[in-house]
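**Student:** Residue numbers (our numbering): 196 to 794.
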Amino acid sequence: MSNQKEFNWDNFSTKGFGDGYSKEQKADMEAMYAGTLNTITEKEVIKGTVVGINDKDVIINIGFKSDGLVPVSEFRDLPNLKIGDQVELFIEEQENSLGQLVLSRKKARMVRAWTDIEDALTNDSVIEGLVKRRTKGGLIVDIYGVEAFLPGSQIDVKPIRDFDIYVGKKMEVKVVKINHTNDNVVVSHKVLIEKDLEKQKAEILNNLEKGQVLEGVIKNMTNFGVFIDLGGVDGLLHITDISWGRINHPEEVLNLDDKVQVVVLDFDDDKKRISLGMKQLTSHPWDALSAELEVGSRVKGKIVNVADYGAFLELAPGVEGLIHVSEMSWSQHLRNPADFVKVSDEIEAVVLTLDKDERKMSLGIKQLTEDPWTKGDMSTKYAVATKHKGVVRNLTNFGLFLELEEGIDGLVHVSDLSWTKKIKHPSEFVKVGDELAVAVLELDVDNRRLALGHKQLEENPWDTFETVFPIGSVHKCTVNSKNDKGAVLELPYGLEGFATSKNLEKEDGSNVEVGESLDFKVIEFSKDDKRIVLSHSSTYREDAKSTATSAAAAAAKKAGGKKKADEPKVEAPAAAEKSTFGDIDALAELKEKMEGGKK
196 MSNQKEFNWD
206 NFSTKGFGDG
216 YSKEQKADME
226 AMYAGTLNTI
236 TEKEVIKGTV
246 VGINDKDVII
256 NIGFKSDGLV
266 PVSEFRDLPN
276 LKIGDQVELF
286 IEEQENSLGQ
296 LVLSRKKARM
306 VRAWTDIEDA
316 LTNDSVIEGL
326 VKRRTKGGLI
336 VDIYGVEAFL
346 PGSQIDVKPI
356 RDFDIYVGKK
366 MEVKVVKINH
376 TNDNVVVSHK
386 VLIEKDLEKQ
396 KAEILNNLEK
406 GQVLEGVIKN
416 MTNFGVFIDL
426 GGVDGLLHIT
436 DISWGRINHP
446 EEVLNLDDKV
456 QVVVLDFDDD
466 KKRISLGMKQ
476 LTSHPWDALS
486 AELEVGSRVK
496 GKIVNVADYG
506 AFLELAPGVE
516 GLIHVSEMSW
526 SQHLRNPADF
536 VKVSDEIEAV
546 VLTLDKDERK
556 MSLGIKQLTE
566 DPWTKGDMST
576 KYAVATKHKG
586 VVRNLTNFGL
596 FLELEEGIDG
606 LVHVSDLSWT
616 KKIKHPSEFV
626 KVGDELAVAV
636 LELDVDNRRL
646 ALGHKQLEEN
656 PWDTFETVFP
666 IGSVHKCTVN
676 SKNDKGAVLE
686 LPYGLEGFAT
696 SKNLEKEDGS
706 NVEVGESLDF
716 KVIEFSKDDK
726 RIVLSHSSTY
736 REDAKSTATS
746 AAAAAAKKAG
756 GKKKADEPKV
766 EAPAAAEKST
776 FGDIDALAEL
786 KEKMEGGKK
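1) My understanding is that M523 touches I498, with C-beta atoms under 8 angstroms, so please give their C-beta distance in whole angstroms.
2) Short of 8 angstroms in beta carbon distance, which residues of its chain neighbour L298, apart from the five on each side in sequence? Order them along the chain.
3) Looking at C-beta atoms only, is the number of pairs between the region 605 to 620 and the region 635 to 652 that lie closer than 8 angstroms three or more?
4) Can you grab the Cα-Cα spacing for the pair G426 / K396, in whole Å?
5) Give the single residue among V579, H519 and S712 whose Cα lies nearest to the Cα of Q562.
6) D482 to A544, Cα distance in whole Å?
7) Pairing CB atoms from the region 384 to 396 with CB atoms from the region 344 to 359, are three or more of them under 8 angstroms?
8) Are the region 402 to 411 and the region 452 to 471 in contact at 8 angstroms, needing three or more beta carbon pairs?
9) By DSSP, does G426 sit in helix, in strand, or in coil?
10) Evaluate K716 with the Cβ neighbour count: other Cβ atoms within 10 Å of its Cβ, from every protein chain shown; 16 or more gives buried, anything less gives exposed.
11) For A533 and A511, I'd like the C-alpha separation in whole angstroms.
12) What residues in its chain sit with their C-beta under 8 angstroms from that of L684, if we drop five residues either side in the sequence?
13) Going by DSSP in three states, A771 sits in which element: helix, strand or coil?
14) Take P480 as the anchor and find which of G571, I248, K555 and P665 has the nearest alpha-carbon.
15) Using 8 angstroms as the cut-off, can you tell me whether the region 571 to 584 makes contact with the region 615 to 623, which would need three or more C-beta pairs spanning the two stretches below that distance?
16) Is the beta carbon of F462 closer than 9 angstroms to that of H528?
17) Grab me the residues of K414's own chain with a C-beta within less than 7 angstroms of its C-beta, minus the 5 sequence neighbours each way, in chain order.
18) Could you check the C-alpha separation between Q475 and E509 for me, to the nearest Å?
19) Is the region 486 to 502 close to the region 444 to 453, with three or more CB pairs under 8 angstroms?
20) Figure out for me which residue from K251, K650 and P274 has the closest Cα to the Cα of A632.
21) Would you identify the three-state DSSP class for Q407, choosing helix, strand or coil?
22) Please name the residue, chosen from N374, F720, E269 and S732, that lies closest to K701 on a Cα-to-Cα basis.
23) Taking all protein chains shown into account, do 16 or more other C-beta atoms lie within 10 angstroms of the C-beta of K210, making it buried, or fewer, making it exposed?
24) Would you identify the three-state DSSP class for G689, choosing helix, strand or coil?
25) If you follow the alpha helix (DSSP H) that S574 is part of, which residue opens it and which one closes it?
26) So, at 8 angstroms on beta carbons, what are the nonlocal neighbours of I335 in its own chain, with the 5 sequence-adjacent residues on each side left out?
27) Does the beta carbon of R468 fall short of 8 angstroms from some heavy atom of the ligand SAM?
28) Roughly how many angstroms lie between the CA atoms of D540 and E553, to the nearest whole one?
29) Let me check understanding here. Comparing Cα to Cα, which of S348, I434 and G340 lies closest to F419?
30) Please state the DSSP three-state secondary structure of S320.
31) Helix, strand or coil, according to DSSP, for I257 in the structure here?
32) Given that a residue counts as buried once 16 or more other Cβ atoms are within 10 Å of its Cβ, and exposed if not, what is R304?
33) In chain order, which continuous runs of the alpha helix (DSSP H) of length 4 or greater are located wholly inside the region 552 to 597?
34) Under a three-way DSSP split, which group does E600 fall into?
35) Can you give the Cα-Cα distance for H375 and D314, rounded to whole angstroms?
36) If you count every other CB in all the chains shown that lies within 10 Å of the CB of G247, and 16 or more means buried, which is it?
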């Protein structure tokens, strides 16, 4: 109780807030508080200390007269945030309508990010970013919270075919361009690789030599070869140097981005063109051929190429033999190799020649079957006078070649095509591909020769014609054609005769014209030469002497000698002035036989 009486209530009581302090005390207190408060400026970045965290906000003390509140969502990148941590903040307002300090960590990061990005461009420094997503023409990379564009051409020194493999991964980049107007940043990862490659490239080129084995990555593929990235240096691996075997396109055995071992084959003085090889790293397959392979051996393989002159059979990768078209069939008529084989066919063949030093081999298919000329029944099957049918394979000026069977050909001379017609060229009688019946005239197995005839299928009608067209007989003939020497006449039974120019004069003095049908008298007949000479003028001239002389001359020629000077002149028989047709029945039979032969 005594203590309460001693308390001075006057000294303790105050009339207002702060009235209980003296001027000196107030000055000291103001100085003390001034030391704990900062002077801040809006729209700048400062550091603050976390003094509290709740479900919605993080309480930040920046040394101002009041603390600021920042949403927890702006600290999602700091899951381990705790009281006492320092963070950067952007001052948006010193005091809003509620008297609160307004702060933003998101804007602080943005401002700091642009500052760091500008510093990275100025100092040419390397920064790390996170690839967020793929976009048209490249990738979007997050650097310091700013989305930067990474063009596809700046990702790597080699073409990139799949951008998605980079999404979600961290990547070191350099800032190459900033556009403040659009807040656009362009970065590059390629420049980092190029710098490393320059050193590697210089080292490779300095040590480059023929025969050197290098490792590279397939950068590009074409139909003629592959471009290999040797580490900043590109070399060409030609398609012929990929494999000992034949390939049509590199993609058959290689893939893009594959790592491969190659050997340096050649390079120019500036080392800008480097030729590479892959097959040279393995031994040549010819060196691994079996010692049992020799001429006459049967081999199996696959057709890898067909040309006009033959086909190539691959026995093993890099080991090929040529099958010439002449070795595909026993037939003497060469055809297109495509008629016998096609690419990818698996066939059997016989080794004809073999040169392991030159790595050349010739093969044959026809040798798998027996030569038709060496068959035992050849002499009997194609004996003289036997009759056969064949296909016309070729025409020449002197005759035609007829194929009786595969590998068996015979010649039909142009003179053996018809008994009655004078054929100048076989094309007047047949054409290639026609079937023709023939008889064997001659067989020479040793020399592989076969003489054939078509007209021999019928009897020689000239024996009968001799009685039908005797000298002096008159026949109705048609003029087929004329020339300077005379005219060709069409006689009965399809025969042709000839009349000289002087024998074409009519009785009125004019000449016989083409297409006219008039009476002509036979003045010469030769069975051996198959020739009949006629005259129209003789039909109206009473020149017995001329007729008799012609008859005597023909008789002398037939007898095989010339008429002697002391021999009497032979007068023409009176019956010769009239048309003689011989035996009607014999002629009818002959005509029927000839017409049947034509059919």
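Each residue gets a CB set at the ideal place from its N, CA and C atoms; glycine is no exception.
**Tutor:** Once the coordinates are examined:
1) A Cβ-Cβ separation of about 12 angstroms leaves M523 out of contact with I498 under the 8 angstroms criterion.
2) Annotation for L298: G243, I255, I257, G263, L264, V265, L284, F285, I286 and E287 place their beta carbon closer than 8 angstroms to its own, counting only its chain and skipping 5 residues before and after.
3) Contact holds between the region 605 to 620 and the region 635 to 652, because three or more Cβ pairs, one in each stretch, are under 8 angstroms apart.
4) CA-to-CA, the gap between G426 and K396 works out to about 6 angstroms.
5) Out of V579, H519 and S712, the CA that lies nearest to the CA of Q562 is found in H519.
6) Answer to the nearest angstrom: the Cα atoms are 21 angstroms apart.
7) Three or more Cβ pairs closer than 8 angstroms define a contact, and the region 384 to 396 meets that threshold against the region 344 to 359.
8) Yes, the region 402 to 411 is in contact with the region 452 to 471.
9) The three-state reading of DSSP puts G426 in coil, since its state is none of H, G, I, E or B.
10) With 16 or more other CB atoms across the displayed protein chains lying within 10 angstroms of its CB, K716 is buried.
11) So the two alpha carbons sit approximately 22 angstroms from each other.
12) Taken in chain order, the residues that qualify are C672, T673, V674, N675, E691, G692, F693, A694, F715 and L729.
13) Residue confidence for A771 is low, a pLDDT of 37 falling below 50, so the modelled location carries little weight; the figure read from the coordinates is stated next. Annotated three-state conformation of A771 is helix, per DSSP.
14) Looking at the Cα atoms, K555 is the closest of the given residues.
15) Judged by Cβ distances under 8 angstroms, the region 571 to 584 makes no contact with the region 615 to 623, as fewer than three pairs qualify.
16) In this structure, F462 does not lie closer than 9 angstroms to H528 by Cβ.
17) Taken in chain order, the residues that qualify are K353, F422, I423, D424 and D429.
18) Whole-angstrom Cα-Cα distance: 19 angstroms.
19) When Cβ pairs closer than 8 angstroms are counted between the two stretches, the region 486 to 502 is seen not to touch the region 444 to 453, the count staying below three.
20) Comparing alpha carbon positions, the residue from K251, K650 and P274 closest to A632 is K650.
21) Note: Q407 maps to coil in three-state DSSP.
22) Proximity to K701 across N374, F720, E269 and S732 peaks at S732, based on C-alpha coordinates.
23) Confidence is the limiting factor: at K210 the pLDDT is only 49, short of 50, which leaves the residue's position unreliable and the question unanswerable from this model.
24) Residue state, collapsed to three classes: helix.
25) Counting along the chain, S574 sits inside the alpha helix (DSSP H) bounded by residues M573 to K576.
26) Within its own chain, the residues whose Cβ lies closer than 8 angstroms to the Cβ of I335, once the five positions on either side in sequence are excluded, are V326, K327, R328, R329, E342, A343, F344 and L345, listed in chain order.
27) This structure lacks the ligand SAM, and indeed carries no ligand of any kind.
28) The C-alpha of E553 is placed about 26 angstroms away from the C-alpha of D540.
29) Ranking the options by Cα distance to F419, first place goes to I434.
30) Shown here, S320 sits in coil according to DSSP, grouped into three states, outside any helix or strand.
31) Three-state result, I257: coil.
32) Sixteen is the threshold: when 16 or more other Cβ atoms of the shown chains lie within 10 Å of the Cβ of R304, as they do, the residue is buried.
33) Runs found: 573 to 576.
34) Three-state result, E600: strand.
35) Near 14 angstroms, if we compare the C-alpha coordinates of D314 and H375.
36) Classification for G247: exposed.
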